[in-house]
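Reading through the structure tokens given below for one structure.
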Amino acid sequence: MKKNIFLILVAMMASMSVSAQDEKHEIGVFYGIESISNVASFVTSGLAASVGDQGSFWGPVGVEYYYHVSPVVAVGGVASIAGCKAENEKTKNEDFSEKFITVMPSVKFNWLRKKSFGMYSALSAGAMFVSLTPSDAAKAQDPSFKDESITIFMFQATALGLEFGGKVRGFVEAGVGEKGYLCAGLRYKF
Numbered sequence: 008m009k010k011n012i013f014l015i016l017v018a019m020m021a022s023m024s025v026s027a028q029d030e031k032h033e034i035g036v037f038y039g040i041e042s043i044s045n046v047a048s049f050v051t052s053g054l055a056a057s058v059g060d061q062g063s064f065w066g067p068v069g070v071e072y073y074y075h076v077s078p079v080v081a082v083g084g085v086a087s088i089a090g091c092k093a094e095n096e097k098t099k100n101e102d103f104s105e106k107f108i109t110v111m112p113s114v115k116f117n118w119l120r121k122k123s124f125g126m127y128s129a130l131s132a133g134a135m136f137v138s139l140t141p142s143d144a145a146k147a148q149d150p151s152f153k154d155e156s157i158t159i160f161m162f163q164a165t166a167l168g169l170e171f172g173g174k175v176r177g178f179v180e181a182g183v184g185e186k187g188y189l190c191a192g193l194r195y196k197f
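The numbering of the sequence shown is this note's numbering, which starts it at 8 and goes up by one.
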């Protein structure tokens, strides 16, 4: 049974169009929702709300690049930025802001690669640089507040990605990590 499944996968990969092989590079832009940084910002905003702050977060917004070493495997990288800020509801002054910058090498596996449609999975792992910056007013109220920066391990596991179009392709992805549970964007192949 395992041998038959393996043979079917090999046959599918071999039947991919040769024209797709000519386009070895791709660059894309994306926006994700429910990323790890969004979840961290939500928790931070929740803690800030308990002392009268209102939080807002955005991102991740990012870019990606892949080079196709074969019709099935592409290697490259992903970079994204996301943020959060907490604002005092009474004074409307910003209390603090967070910034999340992520850089990850990545590998993508193209399970189906046709002229105008594709399916893939991807795995990325790298570093996230987090900075927390309290406002001057917050520092004056509480001297223990200070700028902080940390670097942590970050990842993205994309279980299923769908892309559609020609040289310019739209894509949607479902996974977990810093690109989010759902991610969408545009990609250019050349």
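Glycine included, C-beta positions come from ideal geometry on N, C-alpha and C.
Run the CB neighbour count on glycine 173, radius 10 Å, all protein chains shown included, and call it buried at 16 or more, exposed below. Glycine 173 should be labelled exposed.
Mark tyrosine 127 as exposed unless 16 or more other C-beta atoms lie within 10 angstroms of its C-beta, in which case mark it buried. Buried, by the Cβ-count rule.
So, is histidine 75 buried or exposed, given that buried needs 16 or more other C-beta atoms within 10 angstroms? The residue in question, histidine 75, is buried, as its Cβ has 16 or more Cβ neighbours within 10 Å.
Check for me: the alpha helix (DSSP H) holding lysine 196 runs from which residue to which? Per DSSP, lysine 196 belongs to no alpha helix (DSSP H); it is in the beta strand (DSSP E), 189-196.
What residues in its chain sit with their C-beta under 6 Å from that of threonine 140, if we drop five residues either side in the sequence? Its chain contains Ser104 and Asp154 as the residues whose beta carbon lies nearer than 6 Å to that of threonine 140, once the 5 sequence neighbours on both sides are disregarded; these appear in chain order.
For a test of the three-state rule: what should DSSP assign to asparagine 45, helix, strand or coil? Residue state, collapsed to three classes: helix.
So the candidates are Val137, Phe116, Arg120 and Lys121; which of them puts its Cα closest to the Cα of glycine 90? Across the set Val137, Phe116, Arg120 and Lys121, the C-alpha of Val137 shows the shortest separation from the C-alpha of glycine 90.
Residue closest to lysine 146, alpha-carbon to alpha-carbon, out of Phe178, Thr165 and Asn100: Looking at the Cα atoms, Asn100 is the closest of the given residues.
Local conformation of lysine 106 per DSSP, three classes: It is a strand residue.
Aspartate 149 to lysine 92, Cα distance in whole Å? Straight-line measurement puts the Cα of lysine 92 at about 18 Å from the Cα of aspartate 149.
Please classify phenylalanine 13: does DSSP put it in a helix, a strand, or coil? At phenylalanine 13 the pLDDT is 48, less than 50, meaning the model places this residue with poor confidence; the figure from the coordinates comes in the next sentence. In the three-state scheme derived from DSSP, where H, G and I count as helix and E and B as strand, phenylalanine 13 is classed as helix.
Opening and closing residue of the beta strand (DSSP E) in which proline 141 lies: From DSSP, the beta strand (DSSP E) with proline 141 extends over 124-141.
Tell me the DSSP secondary structure of lysine 174 in three-state form. In this structure, lysine 174 counts as coil in the three-state DSSP scheme.
Taking the straight line between their C-alpha atoms, what separation do you get for serine 113 and leucine 193? CA-to-CA, the gap between serine 113 and leucine 193 works out to about 17 Å.
Please classify serine 22 as buried or exposed, where buried requires at least 16 other C-beta atoms within 10 Å of its C-beta. Because the pLDDT of serine 22 is 43, which lies under 50, any placement of that residue in the model is unreliable, and the number read from its coordinates should be weighed accordingly. Exposed: under 16 other Cβ atoms inside 10 Å.
Would you kindly check if the distance between the Cβ of serine 123 and the Cβ of lysine 186 is under 8 Å? In this structure, serine 123 does not lie closer than 8 Å to lysine 186 by Cβ.
Kindly indicate the opening and closing residues of the beta strand (DSSP E) around phenylalanine 152. Here phenylalanine 152 belongs to no beta strand (DSSP E), and DSSP marks it neither H nor E.
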